[in-house]
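> Structure provided below as structure tokens; questions to follow.
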Amino acid sequence: MGAPHLLRNLHPSAAPCAIKCFQHALHRSFYTPPPLPGAGLRTAFRFGYGRVLHHPSRRVTVAMASSFPVKKSEEEWRAVLSPEQFRILRLKGTEYPGTGEYDKFFEKGVYECAGCGTPLYESTTKFNSGCGWPAFFKGLPGAIRRTPDLDGRRTEITCAACGGHLGHVFKGEGFPVPTNERHCVNSISLKFVADPEPDS
Ligand SMILES: [Zn+2]
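Next up, the structure:
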């Protein structure tokens, strides 16, 4: 029995939280940029080269490739990630609520980035938010990067090492946690590593 157990089911208003999170998922599904219409050289020429470079999907790809220590091409990421991991980590997708491996998982250990293996969260900072995704009140120092969404409404969190999409961080929701923050993270973006047994 530890702190995470004590924190279970303490959210004062689980239903609004669930609604917000469904909105989160819904919005995310719309946010994922559509492919360029009739993508090809002819279309690129018609829209102008600058227009193509500034399409959201291109901007994301360029930013993720250039500003993080761990750099891989799209082909290299596809080679090491499952299709679903690629969709969420590299294309900023969202797993369906309540389906993730770590949603109701409270073993002791560390959660690493599923893309690059960087430690991101300790299990002692995980709590049950009731919203359908793993929730943490704090990341390991320097491990999480925060970036305002393009619509300015939410703050995306990514692995600071590889830029892999984790989810979003929400403030001031009233959860009984020290930071009054909830890192809402896709399970598939994480890999849990259990603490060693005490006498092993
Ligand atoms: Zn990473």
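The opening residue of the sequence shown carries number 1 in full-length UniProt numbering; numbering runs sequentially from there. For glycine and all other residues, C-beta sits at the position ideal for the given N, C-alpha and C.
1. Where does the unbroken alpha helix (DSSP H) through residue 80 begin, and where does it stop?
2. Can you check whether the CB of residue 91 is closer than 8 Å to the CB of residue 81?
3. Could you check where the beta strand (DSSP E) with residue 70 kicks off and where it finishes?
4. Report back the beta-carbon spacing between residue 103 and residue 189 to the nearest angstrom; my notes put them in contact at under 8 Å.
5. Leaving out the 5 sequence neighbours to the left and right, which residues in its chain are closer than 7 Å to residue 84 when beta-carbon positions are compared?
6. Apart from the five residues on each side of it in sequence, which residues of its chain come closer than 7 Å, Cβ to Cβ, to residue 119?
7. Relative to ligand 1, is the shortest distance from any of its heavy atoms to the C-beta of residue 193 smaller than 7 Å?
8. Excluding sequence positions up to five away, which residues of its chain have a Cβ less than 8 Å from the Cβ of residue 114?
In brief:
1. 74-80
2. no
3. Element bounds for residue 70: n/a, residue is neither H nor E.
4. No, residue 103 and residue 189 are not in contact; Cβ-Cβ is about 13 Å, not under 8 Å.
5. 188
6. 110, 112, 140, 143
7. no
8. 81, 85, 89, 164, 188, 189, 190, 191
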